[in-house]
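>
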Amino acid sequence: MWNNKNYHTFDYEMKKIFGEKAIKLSIDGNFTCPNRDGTLGSRGCIFCSERGSGDFNSDKKKSITEQIEEQKQIMSRKWKSNTYIAYFQNYTNTYDTVENLRKKFYEALSCENIRGLAIATRPDCIDTEILELLEEINSKTFLWIELGLQSVNDTTANFIRRGYKTVQFDKTYKQLKDKNIKTVVHLIFGIPGETNAQMLDSVKYVSEKNVWGIKLHMLHVLKNTDLSEYYERTKFKILTIEEYVAIVCDALELINPETVIHRLTGDGKKSELIEPLWTLNKLKVLSDIDNELKIRESYQGKKLPLFPL
Ligand code: SF4
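Everything in the sequence shown is counted per the working numbering, starting at 9 for the first residue and increasing by one.
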């Protein structure tokens with residue numbers, strides 16, 4: 009199927025496009041977020057860590073160029089490739105003036121062997137001017153925008169304090185699509201109060217929009233977050249690895265085979281993670297997903313009537 013995988017992996021797609029592995033370099037652009045700076049809230053989404061949901065990247069005090077060169081050094085110990093994607097990961101990476109955004113994005117693009125840009129943001133932080141900038145960048149490089157939707161259910165969105173309604177996502181997603189800008193949507197499984205059916209509703213909703221990419225995450229309870237206090241108080245149900253693997257396989261069966269699967273499990277920093285500790289063994293989670301798909305004789309899109317392979 010996709011280089012021996014039963015789902016359309018990011019690695020497969022990048023090798024198809026660039027002819028070699030693409031290495032993502034996580035950049036901290038020193039932005040903030042309307043959920044953090046008091047505009048919509050000051051405590052962030054309920055699960056958000058102090059570093060704005062980006063815990064494995066560079067020092068924001070360094071320039072974009074310095075961060076990129078430093079990350080290249082680190083990553084070259086692990087992978088051999090000259091294709092790099094600069095990934096603006098922490099906080100909301102379009103939450104600034106167009107001038108500042110332009111400066112930072114073009115600085116990243118000017119670094120050697122940067123062949124694309126990934127920008128994580130919120131759908132309520134892309135206005136007309138920023139959309140025009142993104143369109144311009146999209147005409148010059150391989151660009152994608154990541155939107156943290158997490159769930160299409162607005163009750164869940166209120167609980168996690170996402171700060172925008174799903175119709176806002178719909179609107180921005182359409183604007184990006186109309187400009188041929190690729191979008192990757194993040195969904196989280198295991199949010200308190202969500203049933204398996206609700207989690208799969210989010211997957212179906214996103215898949216029906218033919219998004220370019222999806223990232224699936226298990227909810228992480230991190231230290232010093234409001235979610236950790238809520239967990240201490242309520243001891244809400246944390247999915248087991250078996251439950252997570254099953255729901256991920258159910259989800260993959262509902263996702264359009266054209267959609268690139270950027271991630272199936274998250275990276276929780278060991279020192280910060282309270283639960284679920286099984287996520288620390290990422291290789292096991294991924295291998296259990298592969299095994300489960302094989303046992304089911306299943307693959308991405310299997311349950312979509314339009315896409316039998
Ligand atoms: S939108 Fe992102 S950066 Fe902002 S509070 Fe939520 S998770 Fe954190």
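Even glycine gets a Cβ: it sits at the ideal position worked out from N, Cα and C.
As the structure is a computational prediction, the values presented were derived from the model and not from experiment.
In the DSSP assignment, find the unbroken alpha helix (DSSP H) run with residue 212 in it and report its ends.
Segment 204-216, the alpha helix (DSSP H) holding residue 212.
> Report, in whole angstroms, the separation of the C-beta atoms of residue 79 and residue 118, which I expect to be a contact under 8 Å.
Actually they do not touch by this definition, with Cβ atoms about 15 Å apart.
> Does the region 244-252 come close enough to the region 77-95 to have 3 or more Cβ pairs within less than 8 Å?
No, the region 244-252 is not in contact with the region 77-95.
> Go to residue 77, then tell me how far its alpha helix (DSSP H) extends in each direction, as first and last residue.
Taken as a continuous stretch (DSSP letters only), the alpha helix (DSSP H) holding residue 77 covers 72-84.
> Count the other C-beta atoms from every protein chain shown that fall within 10 angstroms of the C-beta of residue 151, then say buried if there are 16 or more, exposed otherwise.
So residue 151 ends up on the buried side.
> Between the alpha carbons of residue 15 and residue 313, how many angstroms are there, rounded?
Distance between the alpha carbons of residue 15 and residue 313 is about 17 Å.
> Given this structure, state the Cα-to-Cα distance separating residue 191 from residue 244, to the nearest angstrom.
Cα-Cα distance, rounded: 32 Å.
> Which whole-angstrom value is the C-beta distance of residue 55 and residue 235, which I expect to be below 8 Å?
Confirmed, Cβ separation roughly 5 Å.
> To which residues does DSSP link residue 190 through a beta bridge?
152.
> Quick check on residue 229: buried or exposed, where buried means 16 or more other Cβ atoms within 10 Å of its Cβ?
That one is buried.
> Identify every run of the beta strand (DSSP E) within the region 99-184, keeping only runs that are complete inside it and at least 3 residues long; order them along the chain.
You should have 122-129 and 150-158.
> Mind checking whether residue 89 and residue 29 have CB atoms under 7 Å apart?
Their beta carbons are under 7 Å apart, which means residue 89 touches residue 29 by this criterion.
> Verify the contact flag: residue 110, CB atom, against every heavy atom of the ligand SF4, threshold strictly below 6 Å.
Outside the cutoff, so no.
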